[in-house]
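Please read the structure below before turning to the comments.
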């Protein structure tokens, strides 16, 4: 059951009937709706040149509605989804993203200065539910294990950032910087993430190690599954680094994970 189902069945509560054209096909063709008709809780009747469905058993229909939609509320978070739809994931909800940060700079989070070096040296990272993160140089790192040692590869000049869950455009709006590096796996998923970030920060750069070709030859693995899916955004990109990685993947049907640092 989703928001379309809810709106449709609520209209039955409010109006006692709907014409066939007013009912979304996904609802009309569902086994649940057909069950309501076969049990005569809803009745199909002739109406002009078409048909309409009327609530024939009011008490039973209200009980049905209450069973599937326990509370008629505005959904703001996953808890509301459970209360309304009995499913936390049924309707997308907004949430403040959780970021993990490492580095040796003083940064600004939600308007407050923070000495990131202290947290990095004592606790490995600083995590926050941030509305705004401001730093001179930020490097977004795709994988957690690489994030935890990123300075060994890229030095101490960047604030390294890893997000809990996929990083989307809404999450990126939390960041304020003039220098953004993106360190991802060298596969189509990684390229897609970089290009999604670049749509928000057009100055973003894809990190590629100087000895990429040598690393690729040593440690790349066969391309399969969802890593083999190339989007139109990747196909049409004119970014020189994207082209380099894209052509490398296509030519060899292989990709390189960013965890190459474990072996190099």
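Numbering (the working numbering), first residue to last: 7 to 270. In this text, a Cβ means the ideal position worked out from N, Cα and C, and glycines have one as well. Quick caveat: nothing in here was measured; it's all calculated off a predicted structure.
What is the DSSP secondary structure of residue i, counted as helix, strand or coil?
{"i": "residue 48", "result": "strand"}
{"i": "residue 58", "result": "strand"}
{"i": "residue 228", "result": "strand"}
{"i": "residue 120", "result": "strand"}
{"i": "residue 206", "result": "helix"}
{"i": "residue 213", "result": "coil"}
{"i": "residue 37", "result": "helix"}
{"i": "residue 146", "result": "strand"}
{"i": "residue 156", "result": "helix"}
{"i": "residue 237", "result": "coil"}
{"i": "residue 22", "result": "coil"}
{"i": "residue 254", "result": "helix"}
{"i": "residue 53", "result": "strand"}
{"i": "residue 127", "result": "helix"}
{"i": "residue 247", "result": "helix"}
{"i": "residue 162", "result": "coil"}
{"i": "residue 72", "result": "helix"}
{"i": "residue 63", "result": "coil"}
Residue i bridges to which residues according to DSSP?
{"i": "residue 107", "result": "132 and 167"}
{"i": "residue 14", "result": "The partner list for residue 14 (beta bridge, DSSP) is empty, contrary to what the question assumes."}
{"i": "residue 140", "result": "114 and 182"}
{"i": "residue 262", "result": "192"}
{"i": "residue 187", "result": "145 and 211"}
Under 8 Å by Cβ, that's how I've got residue i and residue j pegged, so tell me the actual separation to the nearest angstrom.
{"i": "residue 123", "j": "residue 196", "result": "Wrong, their Cβ atoms sit about 29 Å apart, outside the cutoff."}
{"i": "residue 166", "j": "residue 182", "result": "Not quite, the Cβ-Cβ distance comes to about 16 Å (not below 8 Å), so this is no contact."}
{"i": "residue 153", "j": "residue 108", "result": "7 Å"}
{"i": "residue 43", "j": "residue 14", "result": "No, residue 43 and residue 14 are not in contact; Cβ-Cβ is about 14 Å, not under 8 Å."}
{"i": "residue 212", "j": "residue 145", "result": "With 8 Å as the limit, residue 212 and residue 145 do not qualify as a contact, their Cβ atoms being about 11 Å apart."}
Have a look at residue i and residue j and give me their C-alpha separation to the nearest angstrom.
{"i": "residue 248", "j": "residue 255", "result": "11 Å"}
{"i": "residue 105", "j": "residue 41", "result": "47 Å"}
{"i": "residue 112", "j": "residue 237", "result": "38 Å"}
{"i": "residue 8", "j": "residue 31", "result": "14 Å"}
{"i": "residue 245", "j": "residue 141", "result": "25 Å"}
{"i": "residue 86", "j": "residue 64", "result": "Unreliable placement is indicated for residue 86, whose pLDDT of 49 sits below 50; the coordinate value is still reported in the next sentence. Looking at the two C-alpha atoms, the distance is approximately 27 Å."}
{"i": "residue 129", "j": "residue 200", "result": "28 Å"}
{"i": "residue 126", "j": "residue 160", "result": "15 Å"}
{"i": "residue 54", "j": "residue 24", "result": "13 Å"}
{"i": "residue 62", "j": "residue 51", "result": "11 Å"}
Comparing C-alpha positions only, which one of the options sits nearest to residue i?
{"i": "residue 216", "options": "126, 171, 266 and 242", "result": "266"}
{"i": "residue 226", "options": "56, 264 and 213", "result": "264"}
{"i": "residue 22", "options": "229, 112, 169 and 60", "result": "60"}
{"i": "residue 58", "options": "18, 75 and 37", "result": "18"}
{"i": "residue 116", "options": "179, 128, 143 and 62", "result": "179"}
{"i": "residue 56", "options": "28, 75 and 70", "result": "28"}
{"i": "residue 185", "options": "76, 164, 103 and 173", "result": "164"}
{"i": "residue 69", "options": "16, 176, 194 and 10", "result": "16"}
{"i": "residue 222", "options": "260, 205 and 66", "result": "260"}
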